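K.L.:
Take 2 as the starting number for the sequence shown in the working numbering and just add one per residue.
Ideal Cβ placement from N, Cα and C applies to all residues, glycine included.
Computed from a predicted model, the values in this text were never measured in an experiment.
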Amino acid sequence: MTVSATLAGKRAVITGSNSGIGLGVAEALAAAGAEVILNSFTDRPEDHALAADLGKRHGVAARYIAADMSKGAECRALVEKAGGCDILINNAGIQFVSPIEDFPVEKWDAILAINLSSAFHTTAAALPGMKARGWGRIVNIASAHGLTASPYKSAYIAAKHGVVGLSKTTALETAGMGITCNAICPGYVLTPLIEAQIPEQMKVHGMDRDTVIREVMLLRQPSRQFATVDQIGGTTVYLCSPAADQVTGTTISIDGGWTAL
Ligand code: NAD
């Protein structure tokens, strides 16, 4: 079975990709030969420089398109400005933690918009072109929290369960058309977002770095090891490869055993 993919001639749009998992997935797709479109809501010189550098290193076309994934019209405009796409990675996401009764309504609305509705809008914009070309790959970056729950993360968990449901529906609506749609469900991945939480957790728990990672942050991840952005990128490339032509409507957990518990 081959899990390598030659993605030359394919254009990939990756939402929320100026850092963390999105950037790692963009690296993996570019390394496999795809043209990549990076995105976030900012429009700074360094965002465009990031895309230029990535393209140069991998010898592929690469652009950065600013678009706010909390706004449906901008989600659709991202795909249109890219000129359509063969590979769509819905990755943009934010988090907020609070008991339900205190959960700020604007945070609930923002998480549902960025983590869930953006994938609906980009998928709607990308599908006509994919259907016309008879090939497409949609990979939605959900979470272990798309399959299980934890307290105080109501909006995130509702949105990520929604992403898993949207992925299954998209798969059914495109079955047999050369298009697949799947959700990747990572456990904890050591991204800048998670790295930034470590000093605070060390302070709160009075533990050293290794202990707080092992005993607090990775308590639910039986391997007690972070997943890596490279592993998410490699799995994405696999889902874009011929080996995964019949893999659709499913979830792939990369969570060190979390959802086996
Ligand atoms: P991150 O903060 O590094 O990346 C989030 C990306 O989304 C950034 O590029 C950010 O700029 C972008 N973004 C935020 N709001 C946006 C908006 N309104 N419009 C456009 N882009 C926006 O975090 P990450 O850890 O790389 O997370 C990426 C995805 O992976 C998220 O969907 C997250 O829920 C999911 N995830 C992360 C982990 C983890 O442990 N890191 C685990 C499971 C799932």
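1. Going residue by residue through the stretch 151–230, where are the continuous beta strand (DSSP E) segments of at least 3 residues, counting only ones entirely within it?
2. With a 10 Å radius around its C-beta and 16 neighbouring C-beta atoms as the bar for buried, classify residue 247 as buried or exposed.
3. On the criterion of 16 or more Cβ atoms from any shown chain inside 10 Å, does residue 176 qualify as buried, or is it exposed?
4. For the ligand NAD, is there any heavy atom lying closer than 7 Å to the beta carbon of residue 104?
5. Quick check on residue 112: buried or exposed, where buried means 16 or more other Cβ atoms within 10 Å of its Cβ?
6. CB-CB under 6 Å to residue 254, same chain, minus the five flanking residues each way: which ones, in chain order?
7. Taking the alpha helix (DSSP H) that residue 63 belongs to, which residues open and close that run?
8. Go ahead and pull the three-state DSSP assignment for residue 58.
9. Going by DSSP, what residue range makes up the beta strand (DSSP E) through residue 36?
10. Pop quiz: residue 156 and residue 82 are said to be a contact at Cβ under 8 Å. What is the actual Cβ separation, rounded to whole angstroms?
11. Is it true that the stretch 91–103 meets the stretch 134–142, where meeting means three or more beta-carbon pairs spaced less than 8 Å apart?
12. From this set, 215, 192, 188, 225, which residue's C-alpha is nearest residue 203's C-alpha?
13. Taking the Cβ atom as the reference point for each residue, do residue 121 and residue 173 lie within a distance shorter than 8 Å?
14. Answer with buried or exposed for residue 61, where buried requires no fewer than 16 other C-beta atoms within 10 angstroms of its C-beta.
15. Quick check on the burial criterion: 16 or more other C-beta atoms within 10 angstroms. Buried or exposed for residue 206?
16. Pick helix, strand or coil for residue 94, following the three-state DSSP scheme.
17. Considering only DSSP beta bridges, list what residue 20 is partnered with.
18. Hey, is residue 171 close to the ligand NAD, as in C-beta under 7 Å from one of its heavy atoms?
P.N.:
From the atom records:
1. 180–187
2. In the sequence shown, the residue the question calls residue 247 occupies position 246. By the 10 Å Cβ count, residue 247 comes out exposed.
3. For the purposes of this step, residue 176 is identified with residue 175 of the sequence shown, where counting begins at 1. When all chains shown are included, residue 176 counts as exposed.
4. Residue mapping note: residue 104 aligns to position 103 of the sequence shown, counting from 1. No, the beta carbon of residue 104 sits no closer than 7 Å to any heavy atom of the ligand NAD.
5. Within the sequence shown, the letter at position 111 stands for residue 112. Counting Cβ neighbours within 10 Å, residue 112 comes out buried, since at least 16 surround it.
6. The residue you call residue 254 lines up with position 253 of the sequence shown. These residues qualify, in order along the chain: 186, 260.
7. Your numbering for residue 63 matches position 62 in the sequence shown. Careful: residue 63 lies outside any alpha helix (DSSP H), inside the beta strand (DSSP E) at 63–67.
8. Position 57 of the sequence shown, counted from the first residue, corresponds to residue 58. Three-state result, residue 58: helix.
9. Numbered from 1 along the sequence shown, position 35 holds the residue referred to as residue 36. Taken as a continuous stretch (DSSP letters only), the beta strand (DSSP E) holding residue 36 covers 36–41.
10. The residue given as residue 156 occupies position 155 in the sequence shown. The residue given as residue 82 occupies position 81 in the sequence shown. The pair is not a contact, with the Cβ atoms about 29 Å apart (cut-off 8 Å).
11. yes
12. Taking the sequence shown and counting its residues from 1, one reaches residue 203 at position 202. Selected option, being the one with the closest Cα: 215.
13. The count along the sequence shown starts at 1 and reaches residue 121 at position 120. The count along the sequence shown starts at 1 and reaches residue 173 at position 172. Not closer than 8 Å, so no.
14. Numbered from its first residue, the sequence shown carries residue 61 at position 60. Its Cβ being crowded by 16 or more others within 10 Å, residue 61 is buried.
15. Indexing the sequence shown from 1 puts residue 206 at position 205. Residue 206 should be labelled exposed.
16. Position 93 of the sequence shown, counting from 1, holds the residue named residue 94. Note: residue 94 maps to coil in three-state DSSP.
17. Along the sequence shown, one-based indexing puts residue 20 at 19. Looking at the DSSP assignment, residue 20 forms no beta bridge with any residue, so it has no partner.
18. By 1-based counting over the sequence shown, the position of residue 171 is 170. Residue 171: no, Cβ never under 7 Å from the ligand NAD.
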